[in-house]
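Using my numbering, the first residue of the sequence shown is number 404, and each one after it goes up by one.
Below is one structure, written out as structure tokens; comments come after it.
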Amino acid sequence: DQSANAAFYAVLSQLPLSWLVTLAVVILLSIFTATTFDSIAYILSSAAEKKLDKEPSRWHRLFWAFTLSLLPMSLLFLGGLQTLQTASIVSGVPLLLISMLLMVSMVRAAHYDLRFQPDYDEPEINIEEFPENDPWTEKGTWELPDEQSGEPSKS
404 DQSANAAFYA
414 VLSQLPLSWL
424 VTLAVVILLS
434 IFTATTFDSI
444 AYILSSAAEK
454 KLDKEPSRWH
464 RLFWAFTLSL
474 LPMSLLFLGG
484 LQTLQTASIV
494 SGVPLLLISM
504 LLMVSMVRAA
514 HYDLRFQPDY
524 DEPEINIEEF
534 PENDPWTEKG
544 TWELPDEQSG
554 EPSKS
């Protein structure tokens with residue numbers, strides 16, 4: 404009973420200069436993992452900053468990188484691969500619901516944009532021409548403005 408990783412390295416061992424190919428694969432996987440963790444740590448630290456226009460501090464990024472690497476390592480040590488896989492599935496369910504809400508929101512925003520700008524022959528969207536009650540302002544609404552008054556329709 405061998406894993407997929409063992410099969411992958413068995414195939415690599417049949418190639419000419421297999422040690423070089425294996426070394427290249429290990430280096431590429433390490434770079435991929437490092438850049439992924441760095442990107443996620445940057446995004447989380449940016450989202451947690453109080454000032455959005457400010458670059459997140461290095462210690463904040465390191466905190467998130469350490470936290471993100473600590474969770475899977477602890478799950479692996481505590482319960483093995485099965486525990487890590489179960490935790491991935493369980494934590495993915497709320498993200499699935501959030502993704503569905505984001506899709507609905509995107510469709511609503513696209514519907515609003517296309518209905519408000521019926522002459523979409525223009526390749527550019529002129530934001531200055533949007534009404535004051537667009538959904539992205541505090542007093543905004545998803546109702547389309549009335550043609551005569553410019554106020555949201557009461558339909």
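Note that the Cβ used here is the ideal one computed from N, Cα and C, for glycine as well.
- [ ] Reducing DSSP to helix, strand and coil, say where E452 ends up.
- [x] Three-state DSSP puts E452 in coil, outside helix and strand.
Task: Three-way DSSP call (helix, strand, coil) for L479 in this model - done: Reduced to three states, the DSSP call for L479 is helix.
Open item on the list: Can you find the residues in the same chain that come closer than 7 Å, C-beta to C-beta, to A444, ignoring five residues on each side of it along the sequence?
Closed with: R464, W467, A468, L471
Open item on the list: If I measure Cβ to Cβ from T425 and keep anything under 7 Å in the same chain, skipping five residues before and after, which residues do I get?
Closed with: If we look at T425 and ignore the five residues flanking it on each side, its Cβ neighbours are Y412, L415.
TODO: Apply the 10 Å Cβ neighbour rule to S559 and answer buried if 16 or more other Cβ atoms are within range, or exposed otherwise.
DONE: No information on residue 559 is available, as it lies outside the stretch 404 to 558 that the chain covers here.
TODO: Kindly indicate the opening and closing residues of the alpha helix (DSSP H) around L420.
DONE: Run containing L420: none; DSSP gives neither H nor E here.
Open item on the list: For a test of the three-state rule: what should DSSP assign to Q405, helix, strand or coil?
Closed with: The DSSP-derived three-state label of Q405 is coil.
TODO: Flag this pair as yes or no: are the beta carbons of T486 and L473 separated by less than 9 Å?
DONE: Their beta carbons are not under 9 Å apart, which means T486 does not touch L473 by this criterion.
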